[in-house]
Each structure stands twice: as structure tokens, then as C-alpha cells.
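Each remark here refers to the structure printed beneath this line.
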Amino acid sequence: MNVQRSCHAKATVSSDPQLLLRETMHRSSNDLQLIVAMLSLQARRAIHAEAKTALRDAAERIDILAHARAASLSSDKPSLESALRHICDALNAQAAPRGILIMLRVDQDCDGLDPAHVAPMSLAVNELATNALKHAFRDENGGHVVIAARTEGDHIIISVDDDGTSFTAQKHTNGGGLGLDLIRRLVASCGGAVRTPKPGSKLFVLTLPLQFRGSDVESFT
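For the sequence shown, the numbering used here begins at 7 and goes up steadily by one.
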């Protein structure tokens, strides 16, 4: 009887493309979480600081993708605000011991980003905020990193700012990081553009069209 029910359930899933897609996404989300766990374990066991940092950074990036995938399973329309809040919560766990606060400001009407682009934009914002934590605060005085999102005309504007030291492009490429190249590619894949800080500033601005209908998100390999 149980075998018959199992066969019936599998037949139902295979005959419904939406159910099959959700089942596949659910399994891939679980796989991503497993990869995060393995990378985190390996980072804790790593002897060399550079290897430890690289493994931890990789785990954080994959965790962002896993969260975006999980959000798409729980909702027909993944929320940009939810994705950004997840980034803030994760980074605050690292920043709080240093007296640094990650803040999120999202306008109530900030909606309309193509759901397929929530994950790549989350990665771009996470990269910027993580770089600020690594390079903008060198002492123990603490500080703030502010992530904000708003709608302006037919675009969504996402900004990342901090009250640490001023921006230099070198800070975003030192230490073997993927830096600005990755951020620009992620944003460009969503039809958007990146505005880097002016001299003396630390404000990054990502501008994205609402419901961009271009080609699918490219691979970042």
C-alpha cells in the first residue's frame, strides 16, 4: 500500500512541471546548505589564515545563494528586502564583536525587481558590505555600514555606505578577493550599473531596472 502511494506521489510530481521544479529546487537548496556546512567545517580546521579566510568567504557566498533559493520555495516572488535582511543578520554576527552595526533601510514601495535577480544582487551587496567590514574599520572605535534600497522611477536603487575610511579600488582587490570585477559582473547580468564612490566618499550605488527582461543570468565562472 505504501509502495502504491509512493508511486502515485512520484507520478503526480512528474506530471506537474511546477511541482517537479519546486522539488528540484528544494533538493538543490539542501545541497547548497550541505556545501556551506562542509566549507565552514574546513575553514575551522584550516591552519593558514589565508586558506581559512578564502573558505569562510566561499561559505558565506554560497549561503546567500542557498537563502535566495529557499526564499523562492516559500514564496512565488522572492523578496529583495528579505534577502538584504538575511545579509544584515549574517554580517552583524561578525561585526557586533568589533562594535560595528550593519543597518538596513528599505522603502515600503521598494518592489518589482525580477525574482531571478534577487540572488545575484544579494551576492553583490554582500560583497560590498563584507569588503567594508574588512577594509574600512581598522581600529576598535566601531562604526556603521548602511545598506539601503528604494524605488526611483523605473529603477531600484541599492546603496552601500559606511563611516569608515575612504574607498580605494585597491582595497577591493587586495588579499585575493574577487572584488569589483565580480560585483560589476553580477550587477551587469541584471541589466544594472555600478557607481563607485567619488574621491573622499564611501558610497556605492547599484542601479537596476524594474523587471528587467533581458537574457538569463550568466554564469560567473
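Every residue gets a Cβ at the ideal spot worked out from N, C-alpha and C, and that includes glycine.
Predicted, not measured: the structure shown is a model, and the values here were computed from it.
When Leu139, Gly197, Val211 are compared against Pro203, the one with the closest alpha-carbon: With respect to the C-alpha of Pro203, the residue from Leu139, Gly197, Val211 having the closest C-alpha is Val211.
Checking the sheet assignment: what are the DSSP bridge partners for Asp69? Asp69 is not bridged to any residue.
I'd like to know whether the C-beta atoms of Arg104 and Gly170 end up nearer to each other than 8 angstroms. Taking 8 angstroms as the Cβ cut-off, Arg104 and Gly170 do not qualify as a contacting pair.
One question on the structure: do Ile153 and Leu107 come within less than 8 angstroms of each other, judged by their Cβ atoms? No, Cβ-Cβ distance for Ile153 and Leu107 is not below 8 angstroms.
State the DSSP-derived secondary structure class of Ala55, mapped to helix, strand or coil. Residue state, collapsed to three classes: helix.
Identify whether Leu107 lies in helix, strand or coil by the three-state DSSP scheme. Leu107 falls in the strand class under three-state DSSP.
Under the three-state DSSP convention, the category Thr136 falls into: DSSP places Thr136 in helix when its eight states are reduced to three.
Taking the C-alpha atoms as reference points, what is the distance between Pro126 and Leu86? Distance between Pro126 and Leu86, taken at the CA atoms: about 11 angstroms.
With DSSP as the reference, label Ser172 as helix, strand or coil. DSSP places Ser172 in coil when its eight states are reduced to three.
Buried versus exposed call for Asn36 [16 or more other C-beta atoms within 10 Å across all chains shown]: Asn36 is classed as exposed because its beta carbon has fewer than 16 other beta carbons within 10 Å across all chains shown.
Close beta carbons around Ala101, own chain, < 8 angstroms, minus the five adjacent residues each side: Excluding the 5 residues flanking it on each side, Ala101 has same chain C-beta neighbours closer than 8 angstroms at Leu107, Ile108, Leu139, Val151, in chain order.
Do Gln217 and Gly118 have their CB atoms nearer than 8 angstroms? Their beta carbons are under 8 angstroms apart, which means Gln217 touches Gly118 by this criterion.
Buried or exposed, going by whether 16 or more other CB atoms sit within 10 Å of the CB of Ser207? Flag for Ser207 reads exposed.
Considering Gly185, what are the terminal residues of the alpha helix (DSSP H) in which it resides? Per DSSP, the unbroken alpha helix (DSSP H) holding Gly185 starts and ends at 185 to 195.
Mark Gly198 as exposed unless 16 or more other C-beta atoms lie within 10 angstroms of its C-beta, in which case mark it buried. Classified as buried, Gly198 has 16 or more neighbouring CB atoms from the shown chains inside 10 Å of its CB.
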